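In my numbering, the protein residues as written are 102 to 405.
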Ligand SMILES: [Zn+2]
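Set out below in structure tokens:
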């Protein structure tokens, strides 16, 4: 079997918090427990929101926890030319079209059509625009986003933690954005190209990203990348049931490190993950031997 290559992929748009650390610990253990490599990628596509000092702080936090990596970090903000190449490959195959819809137009359509609570599916308004239609919109000074033209096809995967998951691309995902109208490449494209180029074989990330996995599987096929194995891990929730976020300043690793050692925090994370029967100070390295996905909890964890 090919060597396992896992990755840590933080988005450095703020201070690292316990939820990020939880997913990072499991990603690191998933790869190390198979004797695999761990890569680090900074998901700083939205450069103004992800200034370099934040990224450096995230790297320090990971190292402080005892999570290491085996190659120089990859920065998404430096890979625009590569994303553009892959976009061109898709365009040559007729899988990309410009979308001139304004936010307001998109909102009006999805309000009317999306069932309550469902992710909005693009109505395909700009799919069939003629060259004249496009020229008319360009003449108005409208700058298009670029969308993927998805086929009417079901894509299925077996997630290592969440089990089987499937989605009909046309009906449930829709023609998703590859590049925004302001030129920013979409996460969906960047993550597929980055993992593909780096030879990543194991993707461990929060369960909230499971619904976007079918479109990534489809992009992998269209760009000639093999599918990695997926493990979508539970989320850490605040006592009010909301997902931990960067707003809970007191749960940032920096704030916690003033009261707790790295070992205490790792031990708490491992306890929440189901890897320890009680919280006790431990290093990530000490957890490697005993780690198995069967032991990892499937249910979200409320942090008190
Ligand atoms: Zn449109």
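Note that the Cβ used here is the ideal one computed from N, Cα and C, for glycine as well.
Quantities reported herein were computed from a predicted structural model and do not represent experimental measurements.
Distance cut-off 7 Å: residue 202 Cβ against heavy atoms of ligand 1: yes
Residue range of the unbroken beta strand (DSSP E) whose run includes residue 200: 197 to 200
Contact check, residue 375 vs residue 405, beta carbons under 8 Å: no
Between the CA atoms of residue 225 and residue 190 - distance to the nearest angstrom: 22 Å
Three-way DSSP call (helix, strand, coil) for residue 266 in this model: strand
Inter-stretch contact at 8 Å, needing at least 3 Cβ pairs: the stretch 106 to 114 / the stretch 144 to 157: yes
Cβ neighbours of residue 363 in the same chain (closer than 7 Å, five flanking residues each side left out): 165, 166, 167
Rounded C-alpha distance that separates residue 184 from residue 197: 14 Å
Close Cβ partners of residue 262 (< 7 Å) along its chain, the five nearest in sequence each way excluded: 332, 333, 334, 394, 397, 399
C-beta atoms of residue 285 and residue 123 nearer than 8 Å: no
Three or more C-beta pairs below 8 Å linking the stretch 309 to 316 and the stretch 133 to 142: no
Which of helix, strand or coil DSSP assigns to residue 138: strand
Nearest candidate by alpha-carbon position, reference residue 303, set 309, 291, 328, 318: 328
According to DSSP, residues forming a beta bridge with residue 321: For residue 321, which the question treats as bridged, DSSP gives no partner whatsoever.
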